[in-house]
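Sequential numbering of the sequence shown, starting at 781, is according to our numbering.
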Amino acid sequence: MALEHAILVSLLEQPGSGYELARRFERSIGRFWTATHQQIYRVLKRMESDGWVTAEEVGQDGRPDKRSYSVAASGRAVLTEWLRGAVQPEAVRHDLAVRVRGAAFADAAGRAALIAEVERYRAGHEETLARYLVGEKRDFPDVSALEPGDRLQHVVLQGGIAYERMLLAWLDDVLITLRSL
């Protein structure tokens, strides 16, 4: 997936400025596709040149004007074509998994260092899961009353929650195994 597709989806959900889009990436799409503010602004500029998005100057009291972006017909066509395409299998490259396998060749100090790193890594994923669960309660308080677009956002978030829970369970197994060596 290209960043362009993630931006098109986000702008179709709600038009906005580059800053607003970057904030949305931090809160929602960023759970599954990350981009820096600079990347978002650079891609938005290219998408505007290519005619995929349009921008409107919006005046603000006491602040500089902002550019609010929305998806143009050609951008919607690009997204539609992409949605119809095949999903390519993702290559799995997991640094931690290789380190865990390498622990068989480490001394006690090396294994202790790896245990500390797995604990740190696990704590980060615990925080991510907690953020997802808070976001789910905040953004989807009544799942039975969701509109179709919101239902799709929720099912993607549920995938992230399931992934984090699976990863935490695996990390628990890794820690038990490393500590038993």
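Ideal Cβ positions, reconstructed from N, Cα and C, are used throughout, including at glycine.
query: Excluding the five sequence neighbours on either side, which residues of its own chain have a C-beta within less than 8 angstroms of the C-beta of LEU958, listed in chain order?; result: VAL880, ALA883, ARG891, LEU894, ILE895, VAL898
query: What are the uninterrupted segments assigned as alpha helix (DSSP H) that are 4 or more residues long and contained completely in the stretch 799-859, given in chain order?; result: 817-829
query: In whole angstroms, what separates the C-alpha of LEU783 from that of PHE812?; result: 11 angstroms
query: For SER924, does the count of other Cβ atoms within 10 angstroms reach 16, so buried, or fall short, so exposed?; result: exposed
query: When the Cα atoms are used, what is the spatial distance from ARG918 to LEU788?; result: 24 angstroms
query: Which of helix, strand or coil does DSSP assign to GLY939?; result: helix
query: Indicate whether VAL833 and LYS846 have their beta-carbon atoms separated by less than 8 angstroms.; result: no
query: Within this structure, are the beta carbons of ARG902 and LEU948 separated by less than 8 angstroms?; result: yes
query: Tell me whether GLY929 sits in a helix, a strand or coil according to DSSP, three-state version.; result: helix
query: Counting only runs of 4+ residues fully inside the stretch 851-919, write out the alpha helix (DSSP H) ranges in chain order.; result: 853-864, 875-882, 888-919
query: Can you name the start and end residues of the alpha helix (DSSP H) that ALA786 belongs to?; result: 783-793
query: Return the CA-CA distance between VAL823 and ALA886, expressed in angstroms with no decimal places.; result: 44 angstroms
query: Taking 8 angstroms as the threshold (C-beta atoms), are TYR821 and ALA835 in contact?; result: no
query: Taking 8 angstroms as the limit between beta carbons, can you name the residues of its chain near GLN819, skipping five residues before and five after?; result: LEU783
query: Quick one: measure Cβ to Cβ for LEU913 and PHE920, integer angstroms, because I've assumed they're closer than 8 angstroms.; result: Not really, about 11 angstroms apart at Cβ, beyond 8 angstroms.
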